[in-house]
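Worksheet: the structure to be examined is printed underneath.
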Amino acid sequence: MDLPLSEKAESLIQKHLASGKFATAQQVVEEALTQLDQQAADWASVNDKIQQGVDDINAGRFVEIASEEDEERLTQEILRQLRQRNLLES
């Protein structure tokens with residue numbers, strides 16, 4: 022594939038080549054595309070987690086924290102559950 026590049030793209034590639042991290046322009050482009058794919062996957066994961074949270078709220082699966090005492094009770098309950106699952110040392 023022969024792909025014409027803008028001056029900006031060529032300048033960015035040259036900057037990364039000058040850093041010494043990459044030996045060829047192809048390596049720079051491959052890394053950029055890999056990072057772009059990873060970023061898209063990360064955003065998809067974030068959006069999924071947000072939707073799960075919204076679904077939980079809509080289904081009434083949440084705890085309202087109105088005071089420091091509520092916060093402390095929730096913290097202690099979470100710690101108890103983690104200990105019970107052996108995910109936290111006593």
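In terms of the numbering used here, the sequence shown has 82 at position 61, counting the first letter as 1, and numbering is strictly consecutive.
Every residue, glycine too, gets a C-beta built ideally from N, C-alpha and C.
8 Å Cβ cutoff met for residue i and residue j
i: Val49; j: Leu38; result: yes
i: Val84; j: Leu100; result: no
i: Phe43; j: Glu31; result: no
Closest Cα partner of residue i within the set the options
i: Leu24; options: Gln35, Gln47, Gln60, Phe43; result: Gln47
i: Ala80; options: Ala87, Ile86, Gln72; result: Gln72
Cα-Cα separation between residue i and residue j, rounded to whole angstroms
i: Thr45; j: Glu90; result: 59 Å
i: Leu103; j: Asp77; result: 21 Å
i: Ala61; j: Ser27; result: 23 Å
i: Ala65; j: Gln105; result: 32 Å
i: Gln56; j: Leu108; result: 33 Å
i: Asp63; j: Leu54; result: 14 Å
i: Glu92; j: Ile86; result: 6 Å
i: Gln59; j: Arg82; result: 31 Å
i: Gly74; j: Gly41; result: 43 Å
i: Met22; j: Lys29; result: 20 Å
C-beta neighbour in chain C for residue i, strict 8 Å
i: Ile99; result: The structure shown contains no chain C, having only a single protein chain.
In chain order, each alpha helix (DSSP H) run of at least 4 residues that lies wholly inside the region 45-97:
46-79
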